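To keep things clear, I will list the structure first and then write my remarks on it.
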Amino acid sequence: IQALNPIIIPTIGRFVRESLRELRENIEAQLRNLSGQRDVTGDAAIAQALPFHVREIFLIQRDSGLLLAHYQADGQEEDEDSDLISGMLTAIRDFVRDSFGDVQDGELDAIQYGEQRIVIRGGTAVYLAMVITGYEPPGTTAHLSQFVSELHLQHGRAFRQYSGDPATLPALEPQLANLSRELTTLPPPAAPQPTPMIPAGRFTGLWVLLGLIFLLIGGTYYLVLGYKLYPVVFGLQTATPTMTATSIPPTAVPTHTATPTATHTPTPLPTATDTPPPTNTPLPTSTPMPTSTPMPTSTPLPTATSEPAFTLQLVAPVWVRAVPDGNALQEWVVGTETAVEPVAFFGDWVQITWVDSTNTRQQGWVPSRWVNIQGTIPAPIVTPVRSN
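Take 2 as the starting number for the sequence shown in the numbering used here and just add one per residue.
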């Protein structure tokens, strides 16, 4: 349940807001019909003046920014920078999310550039970016969200495990082409049917009152639903006991020393001969007990003092070359989520090392403009550039 926290609450909020927006549009359409409009509505007029057209569709991996599939409408010039565009879109989305993190949805959903508009719909593993011109037909947003959800249900595991090899992906371009055709064939806003003239003020107040009642019911439903889901999603915060390791000093164990025992030695009796009297034998003296020798105490080892280090991080997915030369062959693609370590610096190039998806350590050169360096670079890893 804890893993679903970032998904459940934003999804409920978005569903309620879209429902209220559709309710408002329906009320406005009814009010326009009751007011006696006989011509096409403003939305239909705009749709006729600005026809809807899908120019390009990008399917991009959410975290790395790698391009999974690209669709381009017939008659459009072939875009050779589609990989770069996908990386820049991912960088823009990450920048907006980091800069405006307090927004409830937390995602960038559209970018306006002149007459073109980029509509973005995200999922857990990938997101869809569609470049369009003209006026969007009603239902475009819901259609895109449903398409992204179906893609995750069909190919979610392949999307999450993708590391740059197109052979591991299913055929996605035909699905993007079908999506473009479906959106193009959506019906435009319909013109209202001619109705008899009815005084505008007769039912206007009633419809406004009904709209306010529906808004109040929707808001109350959202609050009650969030209140009931709060204990399920977040749970009760209880203190968790933690174990603390306490070191006990070792106790010296006394060594066992053997105690000498007295041995009785019989003395022969004197015979009845003229012999000198026996001499007295001295008694054995007691041997003192050995004293216990204290055990030597352990001396703590000196701790190593950490030297100041520096870190670096890629600002965008970048191609890695075997040598520091812009004309060299591009051999690998490294994403921003990959942990990299610096090896050497040479002019405007940085030599990095990383572990790829096969658990193999790789090494190569990238331009320094794609690297964010924090800290002071040690002099031993900087290779001086010989001046001509």
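Think of the CB as a built atom: it goes at the ideal place given N, C-alpha and C, for glycine as much as any other residue. Please read all numbers here as calculations on a predicted model, not as lab measurements.
Contact under 7 angstroms by Cβ, residue i with residue j
i, j, result
"Tyr128", "Ile61", "yes"
"Ala130", "Phe160", "no"
"Ala323", "Gly365", "yes"
"Gly206", "Ile28", "no"
"Glu183", "Val132", "no"
"Glu108", "Gly88", "no"
"Thr134", "Glu116", "yes"
"Ser83", "Ser358", "no"
"Val321", "Val356", "no"
"Glu220", "Leu187", "Sequence inspection shows Gly at residue 220; the Glu mentioned does not correspond to that position. In this structure, Leu187 does not lie closer than 7 angstroms to Gly220 by Cβ."
"Glu338", "Asp99", "no"
"Ala74", "Val55", "yes"
"Leu315", "Ile374", "no"
"Leu170", "Tyr72", "no"
"Phe215", "Leu24", "yes"
"Tyr114", "Phe53", "no"
For residue i, the three-state DSSP class (helix, strand or coil)
i, result
"Pro368", "strand"
"Ile449", "Here the chain covers residues 2 to 389 and nothing more, so residue 449 does not appear."
"Val17", "helix"
"Thr339", "coil"
"Ala126", "coil"
"Leu85", "helix"
"Thr134", "strand"
"Glu57", "strand"
"Thr361", "coil"
"Val334", "strand"
"Ala70", "strand"
"Thr384", "strand"
"Thr306", "Any answer about Thr306 is weak, because its pLDDT of 48 lies below 50 and its placement is not dependable; what the coordinates show is given next. Of the three classes helix, strand and coil, the one that applies to Thr306 here is coil, per DSSP."
"Arg39", "Model confidence at Arg39 stands at a pLDDT of 45, short of 50, so the residue's coordinates are unreliable and nothing is read from them."
"Asn373", "strand"
Local Cβ density within 10 Å of residue i, reported as buried at 16 or more and exposed below that
i, result
"Pro309", "Confidence is the limiting factor: at Pro309 the pLDDT is only 48, short of 50, which leaves the residue's position unreliable and the question unanswerable from this model."
"Thr354", "exposed"
"Glu81", "exposed"
"Arg370", "exposed"
"Phe96", "exposed"
"Ser181", "buried"
"Arg94", "buried"
"Leu330", "exposed"
"Pro318", "buried"
"Ala340", "exposed"
"Leu119", "In the sequence as displayed, the identity of residue 119 is Ile instead of Leu. Label assigned to Ile119: buried."
"Val335", "buried"
"Val351", "buried"
"Thr91", "buried"
"Pro379", "exposed"
"Pro167", "exposed"
"Pro325", "buried"
"Asp40", "Legend: pLDDT at Asp40 = 46, less than 50; position of this residue unreliable, value from coordinates given subsequently. The residue in question, Asp40, is exposed, as its Cβ has fewer than 16 Cβ neighbours within 10 Å."
Test: residue i CB closer than 7 angstroms to a CB of chain B
i, result
"Thr221", "No chain B is part of this structure, which consists of one protein chain only."
Host alpha helix (DSSP H) of residue i (start-end)
i, result
"Arg63", "Where Arg63 is concerned, there is no enclosing alpha helix (DSSP H), given that its DSSP letter is neither H nor E."
"Val324", "Looking at the DSSP string, Val324 is not in any alpha helix (DSSP H), and its letter there is neither H nor E."
"Thr141", "141-162"
Residue range of the beta strand (DSSP E) that includes residue i
i, result
"Glu342", "342-347"
"Leu180", "Not the beta strand (DSSP E): Leu180 falls in the alpha helix (DSSP H), residues 174-185."
"Leu313", "312-315"
"Ala111", "111-114"
"Thr354", "350-356"
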